[in-house]
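**Student:** Chains as they are written, first to last, in the numbering used here: chain U, 35 to 516; chain S, 277 to 660. All residues carry an ideal CB built from backbone N, CA and C; glycine is no exception. Keep in mind that this is a model prediction, so the values were computed, not measured.
#1: Would residue 556 of chain S and residue 350 of chain S qualify as a contact pair, given that the criterion is a beta-carbon distance under 8 Å?
#2: Whose Cβ in chain S lies nearer than 7 Å to the Cβ of residue 451 of chain U?
#3: From residue 342 of chain S to residue 460 of chain S, what does the alpha carbon distance come to, in whole angstroms?
#4: Which residues in chain U sit within 8 Å of residue 649 of chain S, going by Cβ to Cβ distance?
#5: Measure the C-alpha to C-alpha separation of residue 135 of chain U and residue 342 of chain U and round it to an integer number of angstroms.
#6: Could you check whether residue 576 of chain S and residue 465 of chain S sit closer than 8 Å to each other, using their CB atoms as the reference points?
#7: When the Cα atoms are used, what is the spatial distance from residue 186 of chain U to residue 338 of chain S?
#8: Which residues in the same chain have their Cβ closer than 8 Å to the Cβ of residue 321 of chain S, if we skip the five residues on either side of it in sequence?
#9: Under a three-way DSSP split, which group does residue 418 of chain U fall into?
#10: Rounding to the nearest angstrom, what Cα-Cα distance links residue 302 of chain U and residue 405 of chain S in this structure?
#11: So what does DSSP say about residue 375 of chain U, is it helix, strand or coil?
#12: My output table needs one value for residue 50 of chain U: the three-state DSSP class, helix, strand or coil.
#13: Give me the subset of the segment 272-292 of chain U whose CB atoms are less than 8 Å from a CB atom of chain S, sorted by chain position.
#14: Would you mind stating whether residue 335 of chain S and residue 394 of chain S have Cβ atoms separated by less than 8 Å?
#15: Report yes or no: is there a C-beta of chain S within less than 8 Å of the C-beta of residue 364 of chain U?
#16: Let's see if you can read the secondary structure: which residues bound the alpha helix (DSSP H) around residue 515 of chain S?
#17: Which chain U residues are close to residue 516 of chain S, counting only those with a beta carbon under 7 Å from its beta carbon?
#18: Applying the criterion that 16 or more other CB atoms from any shown protein chain within 10 Å of the CB defines a buried residue, is residue 159 of chain U buried or exposed?
#19: Determine, using beta carbons only, whether residue 605 of chain S comes closer than 8 Å to chain U.
#20: Apart from the five residues just before and just after residue 403 of chain S, which ones in its own chain have a Cβ nearer than 8 Å to its Cβ?
#21: Quick one, which of U:163, U:197, U:268 and U:208 has its alpha-carbon nearest residue 381 of chain U's?
#22: Compare the C-beta of residue 406 of chain U against all C-beta atoms of chain S and say whether one is closer than 8 Å.
#23: Which stretch, first to last residue, makes up the alpha helix (DSSP H) that contains residue 221 of chain U?
#24: Mind pulling the chain S residues with CB within less than 9 Å of residue 462 of chain U?
#25: So that I know if they touch, is there some Cβ in chain S lying closer than 8 Å to that of residue 369 of chain U?
#26: Cα separation between residue 430 of chain U and residue 450 of chain U?
#27: Taking Cβ to Cβ, would you say residue 304 of chain U is nearer than 8 Å to residue 328 of chain U?
#28: Would you list, in chain order, the members of the segment 420-437 of chain S that have their beta-carbon closer than 9 Å to a beta-carbon of chain C?
#29: Please tell me whether residue 641 of chain S has its Cβ less than 8 Å away from any Cβ of chain U.
#30: Is the beta carbon of residue 455 of chain U closer than 8 Å to that of residue 445 of chain U?
#31: Am I right that residue 514 of chain U and residue 168 of chain U are in contact with their C-beta atoms under 8 Å? What's the rounded C-beta distance?
#32: Do we get a CB-CB distance below 8 Å when we pair residue 440 of chain S with the residues of chain U?
#33: By the three-class DSSP mapping on this structure, what secondary structure does residue 286 of chain U have?
#34: Between which residues of its own chain and residue 345 of chain U is the CB-CB distance below 7 Å, once the five residues before and five after are set aside?
#35: Should the segment 582-593 of chain S be regarded as contacting the segment 604-616 of chain S, the criterion being three or more beta carbon pairs within less than 8 Å?
#36: Taking Cβ positions only, does residue 527 of chain S come closer than 8 Å to chain U?
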């Protein structure tokens with residue numbers, strides 16, 4: 035076990051309506067959703083850490099993760115996970131919160147995420163480390179079409195970038211049977227540095243929704259440093275609404291207040307519809323339908339309570355996007371080229387310190403045409419080229435930006451199938467990926483031919499950016515750091 | 277009618293008819309013993325399992341199945357003849373041919389039979405493709421276009437793939453309402469052009485929804501194990517982890533054995549369905565003929581000969597039944613006429629669904645949708 039890990043799940047007094055998260059919450063709304071048997075106990079240096087092994091059902095949030103007490107001669111563990119159904123938003127709640135803050139409830143609530151964020155923002159130091167661009171070479175790609183010189187479809191990546199940095203050609207995803215090799219899971223392994231058995235909490239066909247239980251890189255960065263949300267950016271695929279939930283975890287000490295901003299076509303459509311409704315541009319006959327649709331779009335993530343749509347910087351970003359590409363959505367680039375365009379614009383206007391780009395085009399091969407897969411790889415390669423060129427052309431990013439390029443998962447190499455491009459079945463090829471780091475502070479022209487894990491990416495990025503990643507199970511890729 | 281017409285098979289000539297030149301009518305020989313019969317069946321099955329692995333072999337199996345289906349249909353009429361208390365007049369005729377010596381004759385018989393299988397196989401394939409290939413190709417195109425459109429994010433043309441797919445599915449289902457009976461019509465008529473007597477076939481289908489519902493249900497249910505067999509190769513590395521590391525040659529060797537063995541199940545299902553369809557057709561045709569719903573002119577030459585020989589070409593007056601029974605029968609038949617088309621549609625829908633399901637798990641470019649082994653060419657081998 036990582037000796038750096040901290041016992042973050044602290045004993046929380048439960049039952050009191052005033053002392054939980056510093057908010058006035060009704061005690062009768064509690065629901066016990068875990069038991070000792072379902073949770074994980076980890077011992078480290080005399081501390082016991084309890085981790086809930088169950089995902090929260092939709093509409094619930096964590097209030098208490100557990101309590102530990104030491105009895106005479108033995109460790110007595112009371113492991114319970116309580117959650118409260120997310121209340122419907124109404125002004126009273128905000129009113130109570132304001133009143134509570136005014137009355138000094140905050141002093142009795144040291145673990146309040148929201149309040150702590152507010153308090154910490156004063157004390158947190160400014161970030162002065164390198165910018166990091168984490169490229170998910172996504173949609174699942176195999177080594178043979180990417181880093182194999184005989185068969186590569188990513189020439190810029192292989193022939194140009196590998197010389198500039200450190201390549202880990204033997205990176206893989208853990209072969210544990212319950213560790214899935216797919217996009218959502220892979221993205222969260224990259225962001226949290228931890229393998230988990232994620233369960234779909236949405237139940238939507240082909241739209242599995244996962245919510246991390248431990249903080250993402252974005253949350254840890256923003257908790258450590260004074261980085262505004264719009265400088266921690268995730269750029270997502272246009273038709274993958276299930277990927278809209280990676281920008282913060284359900285962890286009590288992190289969560290929505292340390293979230294990253296998500297840029298995607300879904301977010302733009304939400305912004306656009308909101309603006310059109312405000313401007314009265316929707317015909318009367320469509321008004322009710324449009325309002326309902328906007329409500330659905332805005333409540334896609336029930337956990338945010340609207341916090342993710344108030345950032346004026348992001349509003350301006352979308353305003354500029356709209357001005358450039360119009361309202362139709364048919365003018366802007368599509369597929370992974372859209373992601374590249376969003377990333378380039380984000381670099382210009384948002385100046386992100388940490389940005390993750392979730393490419394995905396190679397995934398359009400599952401049961402289709404093999405050429406889509408290789409073409410998808412080429413598109414990502416071109417996108418990376420544009421990003422690298424943009425970084426080199428921008429004084430704020432030049433010599434101050436580290437790229438980490440890692441696939442979310444591999445793909446099958448099933449010799450029995452005519453189109454052998456699945457990735458859901460934990461096959462050897464679906465676990466075999468690679469990782470490339472390059473930029474300042476990274477060893478140049480180095481190939482580390484040893485087995486490393488995908489979850490090592492998060493602690494490595496944390497080390498490069500100067501914050502600890504105590505929730506990660508991976509080890510820092512020391513070989514990459516100069 | 278010309279009894280020397282080569283299109284008319286030997287089997288339908290009764291003992292009293294004038295046999296074509298070169299054919300000698302004989303009564304059926306003594307029934308073989310149980311073990312011999314099953315031994316011969318197993319040999320035939322093994323042979324068919326080999327044949328369905330290649331295009332040419334599949335063509336021969338298709339013709340073989342058609343000829344075997346003809347015998348099945350004739351037996352239905354034969355049984356009807358027996359039920360009427362008559363001596364069966366329809367007997368198997370030998371296919372003796374003149375030639376020097378016993379072996380020479382045997383080879384000629386076999387050669388003639390093989391050529392006949394190929395000829396009938398090709399005719400049946402052609403007809404089946406005329407009726408179904410446009411729809412299955414449309415489904416294949418829709419799948420291709422759907423993925424193409426998804427990859428290129430062609431939102432403007434997002435409807436093309438699904439629309440083409442639905443058109444293909446509905447067209448295929450509509451074709452399958454007729455196809456099994458059309459193929460039976462072709463084989464019982466010994467004339468490939470009779471396949472296109474859609475009006476007569478549709479009349480037969482509508483007269484006997486129950487029977488044709490069972491045929492459709494048989495197709496839908498018996499294709500389930502075949503769908504499973506098609507899907508399994510996609511999961512072989514998960515079933516046996518060691519297979520994950522197979523070389524392409526090892527995989528090809530394994531798949532060769534796999535498809536040969538899977539061919540056994542396929543051949544059984546394929547023959548069962550063809551034979552059942554022929555029986556259903558023979559039954560429906562006889563029923564329609566004897567009830568006066570169709571006339572003698574609707575029969576093909578070969579059918580007329582066989583039925584005439586068996587003295588079945590006549591209208592049988594309906595049995596007198598009590599009024600309440602007639603009312604119940606009338607109401608029941610109306611209900612069946614209303615519900616059965618929906619049921620048959622559902623059965624063929626399930627059949628198509630299995631195609632989509634198997635292609636979802638393991639896609640076969642070019643042939644996955646376009647070529648339906650149970651419907652068109654009975655080739656059951658999916659080597660990557």
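**Tutor:** So, from the listed chains and residues:
#1: Not a contact, by the Cβ cut-off of 8 Å.
#2: Per Cβ cutoff of 7 Å: 509, 510, 638 and 660.
#3: When only Cα atoms are considered, residue 342 of chain S and residue 460 of chain S end up about 8 Å apart.
#4: Result: empty, since nearest Cβ-Cβ is about 16 Å, beyond 8 Å.
#5: Note that residue 135 of chain U has pLDDT 48, beneath the 50 cutoff, so the model's placement of it is unreliable and the number below is only indicative. In a straight line, the C-alpha of residue 135 of chain U is about 22 Å away from that of residue 342 of chain U.
#6: Closer than 8 Å, so yes.
#7: When rounded, the separation of the alpha-carbon atoms in residue 186 of chain U and residue 338 of chain S is 45 Å.
#8: Here the set comprises 540, 543 and 544.
#9: When secondary structure is reduced to three states using DSSP, residue 418 of chain U falls in the helix class.
#10: So the alpha carbons of these two residues sit roughly 49 Å apart.
#11: Here residue 375 of chain U sits in helix by DSSP.
#12: The pLDDT assigned to residue 50 of chain U is 33, lower than 50, so where the model puts this residue is not dependable, and the model offers no usable value.
#13: Listed by position, the residues of the segment 272-292 of chain U near chain S (Cβ gap below 8 Å) are 272 and 273.
#14: Taking 8 Å as the Cβ cut-off, residue 335 of chain S and residue 394 of chain S qualify as a contacting pair.
#15: Against chain S, the CB of residue 364 of chain U has a partner CB under 8 Å away; the residue lies at that interface.
#16: For residue 515 of chain S, the enclosing alpha helix (DSSP H) starts and ends at 485-515.
#17: Going along chain U, no residue has its Cβ under 7 Å from residue 516 of chain S, so there is no contact; the nearest lies around 11 Å.
#18: Classification of residue 159 of chain U: exposed, given that the 10 Å Cβ count is below 16.
#19: No, residue 605 of chain S lies away from the interface with chain U (no Cβ there is under 8 Å from its Cβ).
#20: Beyond the five residues adjoining it in sequence on each side, residue 403 of chain S comes within less than 8 Å, by CB distance, of 458, 459, 462, 468, 471 and 472 in the same chain, given in chain order.
#21: Answer by Cα proximity: U:268.
#22: Interface residue (Cβ-Cβ distance to chain S less than 8 Å): residue 406 of chain U is classified as such.
#23: Note, residue 221 of chain U: alpha helix (DSSP H), 217-226.
#24: Within chain S, 513, 517, 520 and 521 have C-beta atoms less than 9 Å from the C-beta of residue 462 of chain U, given in sequence order.
#25: True, the Cβ-Cβ gap to chain S drops below 8 Å.
#26: Going by the C-alpha atoms only, they are around 50 Å apart.
#27: Against a cut-off of 8 Å, the Cβ pair of residue 328 of chain U and residue 304 of chain U comes out as a contact.
#28: Structure shown: chain C not included; protein chains present are U and S.
#29: Chain U, which has a Cβ nearer than 8 Å to the Cβ of residue 641 of chain S, makes this yes.
#30: Cβ distance < 8 Å, so residue 445 of chain U and residue 455 of chain U count as in contact.
#31: For a cut-off of 8 Å, the C-beta gap from residue 514 of chain U to residue 168 of chain U is around 14 Å, too long to register as a contact.
#32: Residue-level contact check: residue 440 of chain S does not touch chain U, since none of the beta carbons of chain U fall below 8 Å from its beta carbon.
#33: Three-state result, residue 286 of chain U: coil.
#34: Excluding the 5 residues flanking it on each side, residue 345 of chain U has same chain C-beta neighbours closer than 7 Å at 263, 264 and 295, in chain order.
#35: Flag = no, the segment 582-593 of chain S and the segment 604-616 of chain S do not touch.
#36: So yes, residue 527 of chain S belongs to the interface.
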